[in-house]
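Q: Sharing a structure below in structure tokens format, with a few things to ask.
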Amino acid sequence: MNRILIVDGHAYAYRAFYAIRNMKSPEGRATNAIFGFVKMLARMRVTLNPTHLIVVWDGGLSAERMAALPGYKAQRPEMPDDLASQLDEIGEYLKAARIASYCEDGVEADDYIAFLACQSVVAGLEAVIASSDKDFMQLVQDKSPESGVRSPELGDGCEGRGTVDSGLRTVHGKIGLFNPNDKTETIWGDEQVRGKTGVSPQQVVDWLSLMGDSVDNIPGVPGVGPKTATDLLNQFGSVDGIYARLGEVKSERVRGALRDAEADVRRNQELVRLKSELPWKFAADELVVGQPDAQALAGLFRRWGFRTMLAEVEASQSRQGELLPPD
1137 MNRILIVDGH AYAYRAFYAI RNMKSPEGRA TNAIFGFVKM LARMRVTLNP THLIVVWDGG
1197 LSAERMAALP GYKAQRPEMP DDLASQLDEI GEYLKAARIA SYCEDGVEAD DYIAFLACQS
1257 VVAGLEAVIA SSDKDFMQLV QDKSPESGVR SPELGDGCEG RGTVDSGLRT VHGKIGLFNP
1317 NDKTETIWGD EQVRGKTGVS PQQVVDWLSL MGDSVDNIPG VPGVGPKTAT DLLNQFGSVD
1377 GIYARLGEVK SERVRGALRD AEADVRRNQE LVRLKSELPW KFAADELVVG QPDAQALAGL
1437 FRRWGFRTML AEVEASQSRQ GELLPPD
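Residue numbers (the working numbering): 1137 to 1463.
See the structure below:
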């Protein structure tokens, strides 16, 4: 099966920036994030061998989520200037490498990644999301009769996972995660999500809604951490199941906290749930991995002082030249 690799651009740029320090071009400009990003992307391409590839960038915060919770992601620090100055040049690299890249104002990368993953399954591709963001665990599905994404009959949009609705068909396929924190380089499926959280991918939204998410500044139920959230969902199945049978929660403290925080939990579900039904068109053929512009890459690597990468590109050009017929 053909495979699309969907890369969380900002996550990998940050990771590269902090993994490599004090690296500069011959002109004295910071290049550590560029170098690390190029290396990590190259390694993923070798490891995962995608036929399709796109890097997705954050375009700001969702107005809908901000309206629901004004403090949403408010605690996050500003991007370091030395990293911000390298993003445009990472974009230059992607253009020269002929790798698709996407960013739209007001659209969170998470939502567009969810859209791409669902639409890829509809198009018959296996989707792999490269990110350490735990929100993406809600998208994971193995290729089995028990899991599928729902899509209108014409394939125009994607409305998430679950029971087939009127006018929708269940599309079976595989969506996995490639977590850079996992040194085994395993593509995460249902088993890995359960091992990490204790719940199924279908329960991840409720799991995060109960315990909250400090990374996104989403407050959870006071006193309910990962273990308690897992225990509750394993007993009751879902947030709806918990509140339908609230009297059966054994701990009086937890029962009271759940009762008092129900409105917050319901709000959290909407904050955490990724919006895969975005109104865009999906064209898989535009994301096919193509031949890079070797001359443009050589120019960039020369500018940045990436001597080993430059030598590899020049050697590749030389080999290609040897294969050309004589004039």
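In this text, a Cβ means the ideal position worked out from N, Cα and C, and glycines have one as well.
In three-state terms, what does DSSP make of Glu-1321?
A: What you label residue 1321 is simply residue 185 of the sequence shown in a count that begins at 1. Glu-1321: coil per DSSP, three-state reduction.
Q: With three or more C-beta pairs closer than 8 Å as the rule, is the region 1346 to 1362 touching the region 1396 to 1408?
A: yes
Q: Among residues of its own chain, excluding the 5 on either side of Glu-1450, which ones have a beta-carbon nearer than 7 Å to its beta-carbon?
A: For this step, residue 1450 is matched to residue 314 along the sequence shown. Once the five neighbours on either side are set aside, the close Cβ partners of Glu-1450 are Ala-1434.
Q: Count the other C-beta atoms from every protein chain shown that fall within 10 angstroms of the C-beta of Thr-1183, then say buried if there are 16 or more, exposed otherwise.
A: If you number the sequence shown from 1, residue 1183 lands on position 47. Exposed, since its Cβ has fewer than 16 Cβ neighbours within 10 Å.
Q: To which residues of the same chain is Phe-1437 closer than 7 Å at the C-beta, ignoring the five residues directly before and after it?
A: Against the sequence shown, residue 1437 aligns to sequence position 301. So the list reads Met-1445, Leu-1446 and Val-1449, once near-sequence residues are dropped.
Q: How many Å lie between Val-1143 and Gln-1338 at the Cα?
A: Locating residue 1143 in the sequence shown gives position 7, where the first residue counts as 1. Locating residue 1338 in the sequence shown gives position 202, where the first residue counts as 1. The C-alpha of Val-1143 lies about 22 Å from the C-alpha of Gln-1338.
Q: So, helix, strand or coil for Ser-1237, using DSSP?
A: Along the sequence shown, one-based indexing puts residue 1237 at 101. Strand.
Q: Buried or exposed: Lys-1363, going by 16 or more other Cβ atoms within 10 Å of its Cβ?
A: Locating residue 1363 in the sequence shown gives position 227, where the first residue counts as 1. Label assigned to Lys-1363: exposed.
Q: Quick check: the region 1370 to 1381 against the region 1340 to 1347, are there 3 or more CB pairs under 8 Å?
A: yes
Q: Tell me the rounded alpha-carbon separation between Ala-1149 and Lys-1386.
A: Position 13 of the sequence shown, counted from the first residue, corresponds to residue 1149. Position 250 of the sequence shown, counted from the first residue, corresponds to residue 1386. Distance between the alpha carbons of Ala-1149 and Lys-1386: 45 Å.
Q: Can you give me the Cβ contacts of Leu-1230 inside the same chain, cut-off strictly under 7 Å, excluding the 5 residues immediately before and after it?
A: As a working note, residue 1230 is residue 94 in the sequence shown. For Leu-1230, where only same-chain residues beyond five positions count, the Cβ hits under 7 Å are Val-1191 and Ser-1237.
Q: Among Tyr-1248, Phe-1272, Gly-1195 and Gln-1255, whose alpha-carbon lies nearest the alpha-carbon of Gly-1242?
A: The count along the sequence shown starts at 1 and reaches residue 1242 at position 106. Checked all of Tyr-1248, Phe-1272, Gly-1195 and Gln-1255; the closest Cα to Gly-1242 is Gly-1195.
Q: Might you give, ordered along the chain, the residues of its own chain that have their beta carbon closer than 8 Å to the beta carbon of Phe-1251, omitting 5 neighbours on each side?
A: On the sequence shown, residue 1251 is found 115 positions in, with the first residue counted as 1. Cys-1294, Lys-1411, Ser-1412, Glu-1413, Leu-1414, Trp-1416 and Phe-1418.
Q: Consult DSSP for Val-1357 and reduce its assignment to one of helix, strand or coil.
A: Residue numbering aside, residue 1357 sits at position 221 when the sequence shown is read from its first letter. Looking at Val-1357 - three-state DSSP - the assignment turns out to be coil, as it is neither helix nor strand.
Q: Here's the rule I'm using: 16 or more other beta-carbon atoms within 10 Å means buried, otherwise exposed. How should Met-1180 be labelled?
A: What you label residue 1180 is simply residue 44 of the sequence shown in a count that begins at 1. That one is buried.
Q: Do Phe-1173 and Phe-1159 come within 7 Å of each other at the CB atom, strictly closer than that value?
A: Here residue 1159 refers to the residue found at position 23 of the sequence shown. Here residue 1173 refers to the residue found at position 37 of the sequence shown. Reading off the sequence shown, one finds Met at residue 1159, where the question assumed Phe. No, they are not a contact pair.
Q: Candidates Phe-1442, Gly-1441 and Gln-1431: which alpha carbon is nearest Arg-1234's?
A: One-based indexing of the sequence shown puts residue 1234 at position 98. Ranking the options by Cα distance to Arg-1234, first place goes to Gln-1431.
Q: Using the three-state DSSP reduction, which class does Arg-1157 fall into: helix, strand or coil?
A: Mapped onto the sequence shown, residue 1157 falls at position 21. DSSP places Arg-1157 in coil when its eight states are reduced to three.
Q: To the nearest angstrom, how far is the alpha carbon of Ala-1176 from that of Thr-1333?
A: As a position in the sequence shown, residue 1176 is number 40, starting the count at 1. As a position in the sequence shown, residue 1333 is number 197, starting the count at 1. In the sequence as displayed, the identity of residue 1176 is Met instead of Ala. Answer to the nearest angstrom: the Cα atoms are 26 Å apart.
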